[in-house]
Amino acid sequence: MKPHPRKVLVIDNDAWIVNTIRPHLYQLPANLLSTNSGQAGLSLIAEQPVDLCILNSHAIDMSGLEICRQIRRFDQQMPIMMLTATAREADKVEGLEAGADDYLTQPFGIAEVMARIRSVLRRSSLSTNAIHTSRQALVHGPMRIDVAARIVTISGNRIDLTPKEFDLLALLAANPGKSYRRNDLLKQVWGYQFDGYEHTLTAHINRLRNKIEPDYTQPAYILTTWGIGYRFTDVP
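Our numbering runs 37 ahead of the 1-based position in the sequence shown.
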């Protein structure tokens with residue numbers, strides 16, 4: 038039985054990326070939707086399920102950051118990958134904080150783009166061994182993480198998380214007290230080595246803390262292990 042084709046939406050005012058990845062997507066298999074308009078892209082997402090959105094830093098009518106923010110207002114689950122010509126770390130962090138799950142800086146080759154696309158589509162459901170557990174839910178005090186349904190609640194209130202935010206939280210929470218090195222988290226959650234992309238992890242940790250911590254300046258759940266990385270509290 039052939040796998041059901043996934044849907045990848047590209048919002049980009051440059052036809053190069055669309056024309057380049059189209060034949061590769063068919064092999065996955067995945068169908069390609071494309072537009073050079075941010076507004077048209079938002080309408081497509083509202084009208085049908087999309088498995089991955091790839092954004093350029095600028096469409097013809099709005100910036101990639103604004104598109105990303107608007108998507109996150111009504112869809113916290115769809116993975117978003119941003120493409121940009123700038124290598125400034127501040128711009129990358131801004132994109133990640135706007136809600137992007139991944140960030141790719143030009144120049145890049147088609148092999149790298151496709152590796153990241155395959156990684157995102159492959160991880161539409163959790164595949165990290167540490168999270169594959171017989172328990173259907175992880176419970177820590179008032180926090181409940183439903184691994185199967187990918188739902189997080191605190192004191193009964195649902196917390197909206199992006200796919201990577203959920204994967205990161207579930208991995209840490211599955212092993213309370215275990216300190217993870219930054220590179221290990223990047224590799225396990227993003228699925229490939231992220232040399233030089235520690236700001237990706239930092240931005241996601243900051244976003245998570247803003248959403249789940251009673252006081253993000255004094256984290257109670259996600260703790261920093263100085264000189265190593267991060268760990269989830271082992272205090273019941």
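Don't be surprised by glycine CBs; every beta carbon is placed ideally from N, CA and C.
DSSP-derived helix/strand/coil call for residue i
| i | result |
| --- | --- |
| residue 129 | helix |
| residue 302 | The chain is shown from 38 up to 273; residue 302 falls before or after that span and cannot be answered. |
| residue 181 | strand |
| residue 93 | strand |
| residue 257 | coil |
| residue 142 | strand |
| residue 157 | helix |
Enclosing beta strand (DSSP E) for residue i [first to last residue]
| i | result |
| --- | --- |
| residue 72 | 67 to 72 |
| residue 284 | No answer is possible for residue 284: it lies beyond the span of the chain, which begins at 38 and ends at 273. |
| residue 214 | Note, residue 214: premise wrong, no beta strand (DSSP E); not H, not E. |
Cβ distance (whole Å) where residue i is taken to contact residue j below 8 Å
| i | j | result |
| --- | --- | --- |
| residue 65 | residue 209 | Incorrect: roughly 30 Å between the Cβ atoms, too far for contact. |
| residue 45 | residue 88 | 6 Å |
| residue 118 | residue 141 | 7 Å |
| residue 93 | residue 147 | Not confirmed; about 16 Å, so no contact. |
Alpha-carbon spacing of residue i relative to residue j, whole angstroms
| i | j | result |
| --- | --- | --- |
| residue 104 | residue 218 | 32 Å |
| residue 227 | residue 200 | 10 Å |
| residue 235 | residue 91 | 21 Å |
| residue 13 | residue 43 | The structure shown does not extend to residue 13, since the chain is modelled only from 38 to 273, so the question has no answer here. |
| residue 129 | residue 175 | 32 Å |
| residue 220 | residue 143 | 22 Å |
| residue 195 | residue 177 | 15 Å |
Beta carbon of residue i nearer than 8 Å to that of residue j
| i | j | result |
| --- | --- | --- |
| residue 77 | residue 102 | no |
| residue 150 | residue 58 | yes |
| residue 37 | residue 246 | Since the first residue of the chain shown is 38 and the last is 273, residue 37 is not available in this structure. |
| residue 108 | residue 74 | no |
Proximity test, residue i beta-carbon vs the ligand GTP heavy atom, cut-off 7 Å
| i | result |
| --- | --- |
| residue 126 | As far as ligands go, the structure on display features none, and thus does not contain the ligand GTP. |
Interface flag, residue i vs chain B, CB-CB below 8 Å
| i | result |
| --- | --- |
| residue 73 | No chain B appears in this structure, which consists of one protein chain only. |
Extent of the continuous alpha helix (DSSP H) to which residue i belongs
| i | result |
| --- | --- |
| residue 57 | 52 to 63 |
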